[in-house]
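S.K.: Every letter in the sequence shown is one number past the one before it in the working numbering, and letter 160, counting from 1, is 188. Beta carbons: idealized from backbone N, C-alpha and C, even for Gly. Input: one structure, supplied below.
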Amino acid sequence: MKLANAASNWSAARLLAVSLVAWSASAAADSSRRARDGAERSALLRLAQDLIWKASAPDETIDEALAAAQLVEQILRANKPSRVELTATGLLGAGATNDAAVGEITALTSIALRGERCDLAEVGVAVRGNGSGITRASTGGLELRGWGSACLANGLITTRTEPFVEGGEGFRLTILPMRAKIEGAFNAAPSLTAARAHRPSRYSETGYEFSMDGLRFSRGDAAKGVEFVFATIGERTQWDGLPSEARALYEVTADFGFFRLYRDRPRTAMADREFDILAFNLHGTRGSKDAALGEVFPLRMTGVALGSDRLLLDASLGIAFSGGTITVSSGNDESAGPDEVIVSELPDVTTWSTRSGVSFGDRAQALGIAFVRSMATNTDLQLVLENRATLWGQHAQGRFSGRGEVFAGTARRYVDDLARDERFGGGYLTVDYNARDALWLGLRAEALHARSNHAPADDPFIGTSVSIMATLSLSHDVWTWPLP
29 MKLANAASNW SAARLLAVSL VAWSASAAAD SSRRARDGAE RSALLRLAQD LIWKASAPDE
89 TIDEALAAAQ LVEQILRANK PSRVELTATG LLGAGATNDA AVGEITALTS IALRGERCDL
149 AEVGVAVRGN GSGITRASTG GLELRGWGSA CLANGLITTR TEPFVEGGEG FRLTILPMRA
209 KIEGAFNAAP SLTAARAHRP SRYSETGYEF SMDGLRFSRG DAAKGVEFVF ATIGERTQWD
269 GLPSEARALY EVTADFGFFR LYRDRPRTAM ADREFDILAF NLHGTRGSKD AALGEVFPLR
329 MTGVALGSDR LLLDASLGIA FSGGTITVSS GNDESAGPDE VIVSELPDVT TWSTRSGVSF
389 GDRAQALGIA FVRSMATNTD LQLVLENRAT LWGQHAQGRF SGRGEVFAGT ARRYVDDLAR
449 DERFGGGYLT VDYNARDALW LGLRAEALHA RSNHAPADDP FIGTSVSIMA TLSLSHDVWT
509 WPLP
């Protein structure tokens, strides 16, 4: 089954995004010229004008600088910054796995610019050392993780009728709301509860993810409306163990569609409401073999209220397939080289897929049940079809916070031309108690049991693994700067 049409749509979406960015920059520049011609200006724009004119800058430089100042002002107005936070956390842990005793020490720090709708920017780094592995296939060592994120909640350009009255007849048009994140890991240990395609051994990776809504239209209520062209695009490189040329796996992912009905909920809610009509999910990998996986959903629903915003439904039913072709387009950038074509060399499998569930509560307290059927690959270039049912709960009020889940399912692993069935079950529990001020006492526990009648005795995916650890952590807001 070919993904040529889906790939062309993906390329078209990326080209449309580039065109929208160029158009929005042009619109901002035109707006700055009007500001120079005497229209009413904000304090930020007046300051930018004064600084540039005093430097006797050319008209083009003035236009560009004013456009940038106006863009920054609009971003900050749409998602008002509330404070800057610098936090640090230190953790000591001791416990055991089913193989040996284990000890851990972790240090984490992050700095974030908090906003009303989302965090405008955040960067962080964590260093973790332990004396034993999280699974039988792991070894102890030093682990590093780093991440960064940015959020443009209301896009680059927002147009609305004046005055825009909530519940009235006005309309609002927002172009290119965006979110982006980058992350990296060095010698990281996977969780026992990870998807069955993930190898139970240490890994390193680098990658990014970029989410964008091409255009949002709302009328009378800015919290609900219609989106045209939405996409989440990511790339990642992963290695078994430490980074090296051997066993490197390059991944590219794209989740996109062309029409969405949405309703934004407060940040305390479990999810926003989204109806995606004809959505696509592509996953291409390049390693010792190439793989091209895809999913098509005629209708994908997320956060549908069942009589209350505290009782939400996720439901989707689509077609998943593994034999195909994915074209990674470089767009109009000639320096990026020709388009990259990934042709699947894995077994050709076509089946149904779903991501469905029900949750009750909010981010402070919630319970839920979910069922997921999906396909994925790993650095061994195995194709894994997994069915997983999960019961979960979380609590984050007062001095106690925690989250736990239990799960069970089946997996079909395609090794070369052979298919092997597995059954698995397990769970995890994380509990923290705020003993005093910034001091926390915690408990971490994970368990997994997997079996197969056809797996070799030394198969790392099969067996029983248990990990339990008591923790003592100190988490402190080193510096907080409230913003006016």
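Taking all protein chains shown into account, decide if Ala320 is buried (16 or more other Cβ within 10 angstroms of its Cβ) or exposed.
M.R.: Classification for Ala320: buried.
S.K.: Taking the runs of the beta strand (DSSP E) that are 3 residues or longer, which of them lie wholly in the segment 435-490?
M.R.: Correct list: 446-464 and 467-479.
S.K.: State the DSSP-derived secondary structure class of Cys146, mapped to helix, strand or coil.
M.R.: Three-state result, Cys146: coil.
S.K.: Might you give, ordered along the chain, the residues of its own chain that have their beta carbon closer than 7 Å to the beta carbon of Ser501, omitting 5 neighbours on each side?
M.R.: Counting only Cβ-Cβ distances below 7 Å, and skipping sequence neighbours, we find Thr117, Gly118, Leu119, Trp468 and Gly470.
S.K.: What residue from Phe435, Arg301, His482 and Arg448 has the CA that sits closest to Ile397's CA?
M.R.: Nearest of Phe435, Arg301, His482 and Arg448 to Ile397, Cα basis: Phe435.
S.K.: Would you call Arg62 buried or exposed, if buried means 16 or more other Cβ atoms sit within 10 Å of its Cβ?
M.R.: Unreliable placement is indicated for Arg62, whose pLDDT of 33 sits below 50; no coordinate value is reported for it.
S.K.: Is Thr167 helix, strand or coil when you go by DSSP?
M.R.: Residue confidence for Thr167 is low, a pLDDT of 48 falling below 50, so the modelled location carries little weight and cannot support an answer.
S.K.: Taking just the CA atoms, how far does Arg173 sit from Asp318?
M.R.: Computed Cα separation, rounded: 28 Å.
S.K.: Taking 8 Å as the cut-off, does the segment 264-280 touch the segment 291-308 (at least 3 CB pairs, one atom from each stretch)?
M.R.: Verdict: no, contact absent.
S.K.: Counting C-beta neighbours from all protein chains within 10 Å, is the total for Gly426 16 or more, i.e. buried, or is it exposed?
M.R.: Classification for Gly426: exposed.
S.K.: Our contact map puts Phe307 next to Gly285 with C-beta atoms below 8 Å; I'd like the distance itself, whole angstroms only.
M.R.: For clarity, residue 307 is Ala in the given sequence; the question names Phe instead. Yes, Ala307 and Gly285 are in contact; Cβ-Cβ is about 4 Å, under 8 Å.
S.K.: Which same chain residues end up closer than 6 Å to Ala154 when comparing Cβ atoms and leaving out the 5 residues on each side of it in sequence?
M.R.: Excluding residues within five positions, the ones whose Cβ falls inside 6 Å are Leu136 and Arg173.
S.K.: In three-state terms, what does DSSP make of His226?
M.R.: The answer is coil: DSSP assigns His226 none of H, G, I, E or B.
S.K.: Can you tell me which of Ser387, Leu409 and Thr405 puts its alpha carbon nearest to the alpha carbon of Phe399?
M.R.: Selected option, being the one with the closest Cα: Ser387.
S.K.: Is the separation between the beta-carbon of Asp268 and that of Glu255 shorter than 8 Å?
M.R.: Taking 8 Å as the Cβ cut-off, Asp268 and Glu255 do not qualify as a contacting pair.
S.K.: Using the rule of at least 16 other Cβ atoms within 10 Å of the residue's Cβ for burial, across every protein chain shown, is Phe214 buried or exposed?
M.R.: Label assigned to Phe214: buried.
S.K.: When DSSP labels each residue in this structure, what does Lys317 get in the three-state scheme?
M.R.: In the structure shown, Lys317 sits in coil (DSSP, three-state: anything other than H, G, I, E or B).
S.K.: Please state whether DSSP places Val155 in a helix, a strand or coil.
M.R.: Strand.
S.K.: Find the nearest neighbour of Ile133 within the set Thr125, Gly121 and Gly143, judged by alpha-carbon distance.
M.R.: Among Thr125, Gly121 and Gly143, the Cα nearest to that of Ile133 is on Gly121.
S.K.: Considering only C-alpha positions, which residue in the set Asp487, Gly491 and Leu395 is nearest to Trp420?
M.R.: With distances taken between Cα atoms, Trp420 lies closest to Leu395.
S.K.: Suppose you measure from the CA of Ile203 to the CA of Arg328; what does that come to, to the nearest Å?
M.R.: When rounded, the distance between both Cα atoms is 23 Å.
S.K.: Are there 16 or more other CB atoms within 10 angstroms of the CB of Asn481, so buried, or fewer, so exposed?
M.R.: Exposed: under 16 other Cβ atoms inside 10 Å.
S.K.: If contacts are defined as beta-carbon pairs under 8 Å, then Ser177 and Ala216 qualify, I think. What distance do you get, rounded to the angstrom?
M.R.: The pair is not a contact, with the Cβ atoms about 18 Å apart (cut-off 8 Å).
S.K.: Between Asp304, Arg230, Asn309 and Ala222, which lies nearest to Ile261 when the distance is taken from Cα to Cα?
M.R.: Nearest of Asp304, Arg230, Asn309 and Ala222 to Ile261, Cα basis: Asn309.
S.K.: Which of helix, strand or coil does DSSP assign to Gly389?
M.R.: Strand.
S.K.: Express the C-alpha separation of Ser110 and Ala222 in angstroms, rounding to a whole number.
M.R.: For Ala222 and Ser110, the distance between alpha carbons rounds to 35 Å.
S.K.: Note the first and the last residue of the continuous beta strand (DSSP E) segment covering Leu340.
M.R.: Its beta strand (DSSP E) spans residues Leu339 to Ser344.
S.K.: Measuring alpha carbon to alpha carbon, tell me which residue in Leu289, Thr379 and Thr313 is nearest Glu302.
M.R.: Cα-wise, what sits closest to Glu302 is Leu289.
S.K.: Between Arg142, Gly389, Ala348 and Thr405, which has its C-alpha nearest Arg383's C-alpha?
M.R.: It is Ala348 whose Cα lies nearest to the Cα of Arg383.
S.K.: Can you give me the Cβ contacts of Arg440 inside the same chain, cut-off strictly under 6 Å, excluding the 5 residues immediately before and after it?
M.R.: So the list reads Leu413, Ala447 and Asp449, once near-sequence residues are dropped.
S.K.: Please classify Arg156: is it buried, with 16 or more other beta-carbons within 10 angstroms of its beta-carbon, or exposed?
M.R.: The residue in question, Arg156, is buried, as its Cβ has 16 or more Cβ neighbours within 10 Å.
S.K.: Where Thr163 and Gly212 are concerned, what is the direct C-alpha to C-alpha distance, given to the nearest angstrom?
M.R.: Confidence at Thr163 is low in this model, with a pLDDT of 43, below 50, so its placement is unreliable and the value that follows should be read with caution. Roughly 21 Å between the two C-alpha positions.
S.K.: Which of the three DSSP states is assigned to Phe214 in this structure?
M.R.: Strand, per DSSP.
S.K.: Just list the residues that DSSP pairs Met403 with in beta bridges.
M.R.: DSSP output for Met403 lists Leu413 as bridge partner(s).
S.K.: So is His311 buried or exposed if we call it buried at 16+ other beta carbons inside 10 Å?
M.R.: His311 should be labelled buried.
S.K.: Which residues does DSSP pair with Met298 in a beta bridge?
M.R.: None, per the DSSP bridge assignment.
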